[in-house]
Amino acid sequence: MKGQLVYVMGPSGAGKDSLIAWLKDHLPPHLPLHLARRTITRPIRHGDEQHHSVSEQAFALLHQAQAFALDWQANGLRYGVRHDELAPLHRGNWVLVNGSRAYLPQAVAKFPHLTVVHVTASLEVLRQRLLARGRETPEMVEARVRRALVFRAPPHAIEVRNDGSLAEAGGQLLRAFERLGRGHELSTDSPRTAPSETPKAPST
71 MKGQLVYVMG
81 PSGAGKDSLI
91 AWLKDHLPPH
101 LPLHLARRTI
111 TRPIRHGDEQ
121 HHSVSEQAFA
131 LLHQAQAFAL
141 DWQANGLRYG
151 VRHDELAPLH
161 RGNWVLVNGS
171 RAYLPQAVAK
181 FPHLTVVHVT
191 ASLEVLRQRL
201 LARGRETPEM
211 VEARVRRALV
221 FRAPPHAIEV
231 RNDGSLAEAG
241 GQLLRAFERL
251 GRGHELSTDS
261 PRTAPSETPK
271 APST
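Position 196 of the sequence shown, counted from 1, bears residue number 266 in our numbering, the numbering being contiguous throughout.
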């Protein structure tokens, strides 16, 4: 099987991280998917993804040493995916990267044939989930919802609606992977599922 880079992105409240965690536990044996571990300037907290936690200074040194295949900034943090996390691509495996919407143009410039997955949900579901987290003021939540409203994923992106259960959204994603694995729509030149929103650079 040809190696394939899968770039998963989505607005806050869409449940992207939860979907990736679900996928990790439900991957079929025949799908050689490696979940790239990110390097982040954030301490590891219970329930978070198991990332490489580094200081700002350490991240800057890694960046200077060109240790990252992909790296970006969002919400006051720095994120990176090291080259060795993408090494399975050279063995014909797939690699999934938990990415940023704002960084997508740079990611595509570096990896033109990557597969884009846009995880999203209705605006009301996004709003409810963000308010339930209690991390931000209602005004901040509305700003995030507006950014989700105006963002448009590229026409070739696979859209996964995560309004219901994780199993439903996970099933959508696995079926899309099965189609890709059979050689359909593998190139970013082929249109897949296009959301009906308008483009604007988001924060994450």
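Heads up, the beta-carbon is just placed ideally off N, CA and C, and yes, glycines get one too.
Do residue i and residue j have their C-beta atoms closer together than 9 Å?
i, j, result
"N145", "D87", "no"
"L193", "A218", "yes"
"V76", "V195", "no"
"W92", "G240", "yes"
"L89", "N232", "yes"
"L201", "V186", "no"
Can you tell which of the options has the C-alpha that lies nearest to the C-alpha of residue i?
i, options, result
"D141", "Q127, W164, T109 and D154", "T109"
"H104", "E248, G73, G241 and R112", "G73"
"R214", "R148, G80 and L93", "G80"
"G204", "H122, G83 and K94", "G83"
"Q143", "E209, A130 and Q120", "A130"
"S170", "L93, E238 and L147", "L147"
"R152", "N163, L200, G162 and H121", "H121"
"E126", "T111, G240 and E119", "T111"
"G85", "R245, E238 and F247", "E238"
"A177", "K94, L156, M210 and F247", "L156"
"H183", "Q134, L97, L159 and R245", "L159"
"R199", "P99, G234, K180 and R161", "G234"
"E119", "R161, K94 and F181", "K94"
What are the residues that DSSP puts in a beta bridge with residue i?
i, result
"M79", "H188"
"S123", "I110"
"G234", "BP columns for G234 are empty, so no partner."
"D141", "G150"
"Q74", "W164"
"E155", "None, per the DSSP bridge assignment."
"E229", "H188"
In terms of residues, what are the limits of the beta strand (DSSP E) holding residue i?
i, result
"L166", "W164 to N168"
"L105", "L103 to L105"
Please return the same chain residues whose Cβ sits closer than 6 Å to the Cβ of residue i, not counting the five positions on each side in sequence.
i, result
"L243", "V230"
"Q136", "none"
"P272", "At P272 the pLDDT is 46, less than 50, meaning the model places this residue with poor confidence; the figure from the coordinates comes in the next sentence. Excluding residues within five positions, the ones whose Cβ falls inside 6 Å are R171, A172, R217 and F221."
"T207", "none"
"D259", "Unreliable positioning characterises D259 in this predicted model, as indicated by a pLDDT of 33, which lies under 50. A coordinate reading is not provided."
Go through its chain and collect everything with a Cβ distance to residue i's Cβ below 7 Å, but skip five positions before and after it.
i, result
"P261", "Any reading at P261 must be qualified, since the residue scores a pLDDT of 33, below 50, and its modelled position is unreliable; no value is offered."
"F247", "L101"
"E267", "Since pLDDT at E267 reaches only 36, below the 50 mark, its modelled position is unreliable, and the value read off the structure follows with that caveat. Cβ neighbours of E267 beyond the five flanking positions: L219, V220, F221 and R222."
"G181", "Inspection of the sequence shows that residue 181 is occupied by Phe rather than by Gly. Cβ neighbours of F181 beyond the five flanking positions: L75."
What residues in its chain sit with their C-beta under 8 Å from that of residue i, if we drop five residues either side in the sequence?
i, result
"E212", "R197"
"P113", "S123"
"R115", "none"
"F138", "T109, L132, G150, V151, R152 and H153"
"N163", "M71, G73, P102, L103 and H104"
"A106", "V151, E155, L156, V165, L166, V167 and N168"
In terms of residues, what are the limits of the alpha helix (DSSP H) holding residue i?
i, result
"H96", "K86 to H96"
"Q198", "L193 to R203"
"L174", "L174 to K180"
"A213", "P208 to V220"
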